[in-house]
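In full-length UniProt numbering, the protein residues as written are 1 to 469. In what follows, a single structure is set out as structure tokens and then discussed.
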């Protein structure tokens, strides 16, 4: 018992140190920016931006690599290095109080072989990852489905993980785009430029119900796949693909990402999607619209069959509708305005973890003239679980000879009790501290943790930091 207490004490101290590092980093960079801003007038900042040069305040830029990439671009090579760190502290409710930290370091190489060797429209892309940290939702919130830190996913503590590696070919004056290799479905389908401007995994990188299924492989998993994209007009396109469907752990490249065999494959995932990028009115109010669907040919044991140890199996299907629409423009810079975000995802009820999921929120970029690259975001998420899953869980509970105990009983879906629905809230403020540096304080609230009433509603505070080197 003493050893366990000592370990827990050390663990908590370690994560407090990480949290304080996060806070200290935020303060120092923020202070540096305030001092730095005194040397630039608003007119000078705008002139730099209009001339296409790197803006000292733009967190979407690169801290160091922009100069290197400018020199390498004529030679067809581009490098990118980024670090994303997320700290989440549960201050009330959930399983217990505590703090966890997780991060991802990503390095990518993109090669344009038309510039390198004259192969028209041909390019290659590769990325490797370093992943480390703990999952605050599992450790403290008590929710295994919705992660307080979106960056934690697909298994962690990987010193080196091969992410994507694929070839890309543009055809017929760039009207057709083909990608093939080790791909992530989530990089191509149901993708939003604002999805990961939030720390809850409810929206990043897709609405959670979509990416929770085996066939729809999200970041950081990759599988064998091919995707065809057809530009219908300047503002719209249609795409479809075929991807290996394999479970986490035994599939999706394994721990290091280099297990490229198809031994774990159970079927094929086939997604289709139509997308439209709008520009409305004299202010060019931009918008991003997606409607898509996917079918997994794998045969999964139904929830009812799992509860009674039966053999009934079914496919999985899903569809989604997504909208990011600017309703007010703050300035001429790209995506600087107030965006309304609406998402809906539905999954087949016999085998899926989620039934319906809704995202309603906003993100406002460039609303403060004195800090033109800051942003504020709010997201509300509501989801339901299939009735077949709830009934199967209740059946499991009736089979107990002793009273139900959430601490010892292992229910389907890893739930602490029979599941119904849940609501989640996130409010964040993104501080563009310097070129390529974004620091984002976050507040999260879990109502009906894990879609149950097993725990009190959880209140979470956190900090998300992203650096594009």
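Backbone N, C-alpha and C define an ideal beta-carbon position, used for all residues, glycine too. Only a predicted model underlies this, so the values are computations on that prediction, with no experimental measurement involved.
Thinking C-alpha only, which one of the options is nearest residue i?
| i | options | result |
| --- | --- | --- |
| residue 161 | 114, 200, 253 and 63 | 253 |
| residue 124 | 115, 132, 371 and 68 | 115 |
| residue 197 | 452, 448, 435 and 430 | 430 |
| residue 368 | 337, 398 and 385 | 337 |
| residue 69 | 87, 97, 102 and 108 | 108 |
| residue 438 | 170, 304, 374 and 121 | 374 |
| residue 391 | 131, 306, 271 and 159 | 306 |
| residue 157 | 134, 171, 240 and 217 | 134 |
| residue 246 | 262, 271 and 236 | 262 |
| residue 350 | 441, 226 and 385 | 385 |
| residue 215 | 117, 318, 80 and 308 | 318 |
| residue 166 | 173, 131 and 127 | 127 |
| residue 302 | 387, 77, 332 and 443 | 387 |
| residue 265 | 90, 275 and 248 | 248 |
| residue 95 | 121, 71, 136 and 130 | 136 |
| residue 244 | 231, 260, 268 and 232 | 268 |
| residue 471 | 200, 346, 286 and 329 | Any question about residue 471 goes unanswered here, given that the chain covers just 1 to 469. |
Would you report the Cα separation of residue i and residue j, rounded to the nearest angstrom?
| i | j | result |
| --- | --- | --- |
| residue 183 | residue 219 | 10 Å |
| residue 316 | residue 299 | 8 Å |
| residue 112 | residue 179 | 14 Å |
| residue 454 | residue 202 | 20 Å |
| residue 191 | residue 279 | 18 Å |
| residue 294 | residue 176 | 21 Å |
| residue 380 | residue 194 | 14 Å |
| residue 449 | residue 422 | 7 Å |
| residue 273 | residue 258 | 29 Å |
| residue 413 | residue 304 | 12 Å |
| residue 471 | residue 451 | With the chain covering 1 to 469 only, the question about residue 471 has no answer from this structure. |
| residue 75 | residue 65 | 15 Å |
| residue 237 | residue 229 | 7 Å |
| residue 394 | residue 277 | 45 Å |
| residue 222 | residue 463 | 28 Å |
| residue 255 | residue 445 | 32 Å |
| residue 425 | residue 320 | 21 Å |
| residue 284 | residue 468 | 28 Å |
| residue 389 | residue 207 | 20 Å |
| residue 82 | residue 172 | 34 Å |
| residue 442 | residue 163 | 28 Å |
| residue 355 | residue 73 | 46 Å |
| residue 417 | residue 447 | 15 Å |
| residue 204 | residue 330 | 25 Å |
| residue 233 | residue 456 | 50 Å |
Could you check whether residue j and residue i sit closer than 7 Å to each other, using their CB atoms as the reference points?
| i | j | result |
| --- | --- | --- |
| residue 353 | residue 138 | no |
| residue 63 | residue 313 | no |
| residue 144 | residue 357 | no |
| residue 168 | residue 227 | no |
| residue 149 | residue 86 | yes |
| residue 466 | residue 84 | yes |
| residue 91 | residue 363 | no |
Determine the burial state of residue i: buried for a count of at least 16 other Cβ atoms within 10 Å of its Cβ, exposed for fewer.
| i | result |
| --- | --- |
| residue 296 | buried |
| residue 147 | buried |
| residue 43 | In this prediction, residue 43 has a pLDDT of 28, which is less than 50 and means its spatial position is unreliable; what the coordinates show is noted afterwards. Its Cβ having fewer than 16 others within 10 Å, residue 43 is exposed. |
| residue 34 | Reliability of the predicted coordinates at residue 34 is poor, the pLDDT of 41 falling under 50, and no value is obtained from them. |
| residue 100 | buried |
| residue 142 | buried |
| residue 235 | exposed |
| residue 309 | exposed |
| residue 332 | exposed |
| residue 428 | buried |
| residue 129 | buried |
| residue 117 | exposed |
| residue 32 | Annotation note: pLDDT 37 at residue 32 (below 50); position unreliable, coordinate value reported separately. It is exposed - the Cβ of residue 32 has fewer than 16 other Cβ atoms within 10 Å. |
| residue 286 | buried |
| residue 281 | exposed |
| residue 159 | exposed |
Please decide whether residue i counts as near chain C, where near means a Cβ-Cβ distance under 7 Å.
| i | result |
| --- | --- |
| residue 419 | The question asks about chain C, but that chain is absent: this structure has only one protein chain. |
Assuming residue i and residue j make a contact with CB atoms under 8 Å, what is their CB distance in whole Å?
| i | j | result |
| --- | --- | --- |
| residue 289 | residue 322 | 7 Å |
| residue 324 | residue 339 | 5 Å |
| residue 396 | residue 411 | 6 Å |
| residue 217 | residue 241 | The pair is not a contact, with the Cβ atoms about 11 Å apart (cut-off 8 Å). |
| residue 106 | residue 152 | Contact doesn't hold; Cβ gap of about 14 Å is too wide. |
| residue 366 | residue 341 | The Cβ separation is near 16 Å, so there is no contact. |
| residue 98 | residue 458 | With a Cβ gap of about 11 Å, residue 98 and residue 458 do not count as contacting. |
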